[in-house]
Amino acid sequence: MTSSRHKFNEIAKPEAKKAKYPPPFSLRLTYEERARLDAERGDKSLAAYIRERLFGDDAAPRKRRGNSPVQDKEALGRIAGALGQSRISQNLNQLAKAVNSGSLPVTPETEAELKEACREVSEMRAELLAALGKAPGSER
1 MTSSRHKFNE IAKPEAKKAK YPPPFSLRLT YEERARLDAE RGDKSLAAYI RERLFGDDAA
61 PRKRRGNSPV QDKEALGRIA GALGQSRISQ NLNQLAKAVN SGSLPVTPET EAELKEACRE
121 VSEMRAELLA ALGKAPGSER
């Protein structure tokens, strides 16, 4: 099959209409110049500081994206700690193997443990969604 007959690449990747930006500008500095800029910039990024020094008030503002979608870092820490202390992945793997081999004994204890595990996973999911600023049950 020849690619001349089928233009798969053209069909699969339509040209995106993105704004064309000029190529970045590179500037070499001595160690002393860089250290001076780092000391003067304070809590600004180096690029923002240089733009401010070059253009002053005429510097175009940059779009800022949030560093993280996390709304509640404490809740995210709790969920990460809970996941780190749990053996969920190992336990789920063992359960899957037992189910596939037909060797999982279905006793009242097993059923209770599975229900408890499901409850814990559901709680972690709700806490994770809350930490990300999402409502449980929301589409996105």
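Using full-length UniProt numbering, the first residue of the sequence shown is number 1, and each one after it goes up by one. Glycine included, each C-beta is placed from N, C-alpha and C at the ideal position.
1. When you compare the CB positions of M124 and A82, do they come within less than 7 Å of one another, or not?
2. For A131, does the count of other Cβ atoms within 10 angstroms reach 16, so buried, or fall short, so exposed?
3. Give me the Cβ distance between E127 and I79, rounded to the nearest whole Å; I'm assuming they're in contact under 8 Å.
4. Quick one: what's got a C-beta closer than 6 Å to S101's C-beta in the same chain, skipping five residues either side?
5. Mind checking whether L104 and A98 have CB atoms under 7 Å apart?
6. If we ignore side chains and look at the alpha-carbon of each, how far apart do P23 and Q94 end up?
7. Is it true that the CB of A59 sits closer than 7 Å to the CB of R53?
8. Do Y49 and R41 come within 7 Å of each other at the CB atom, strictly closer than that value?
9. Could you tell me which whole alpha helix (DSSP H) segments of length 4 or greater appear in the UniProt domain "Bacterial mobilisation" (86 to 122)?
10. Please identify the residue among A47, A19 and K20 whose C-alpha is closest to the C-alpha of L27.
11. Helix, strand or coil for R28? Go by DSSP, reduced to three states.
12. Work out the CA separation of K44 and E109 for me, nearest whole Å.
In terms of the structure at hand:
1. yes
2. buried
3. 5 Å
4. none
5. yes
6. Just so you know, the alpha carbons of P23 and Q94 end up roughly 53 Å apart.
7. Contact: no.
8. yes
9. 88 to 101
10. A47
11. If DSSP states are grouped into helix, strand and coil, R28 belongs with coil.
12. 58 Å
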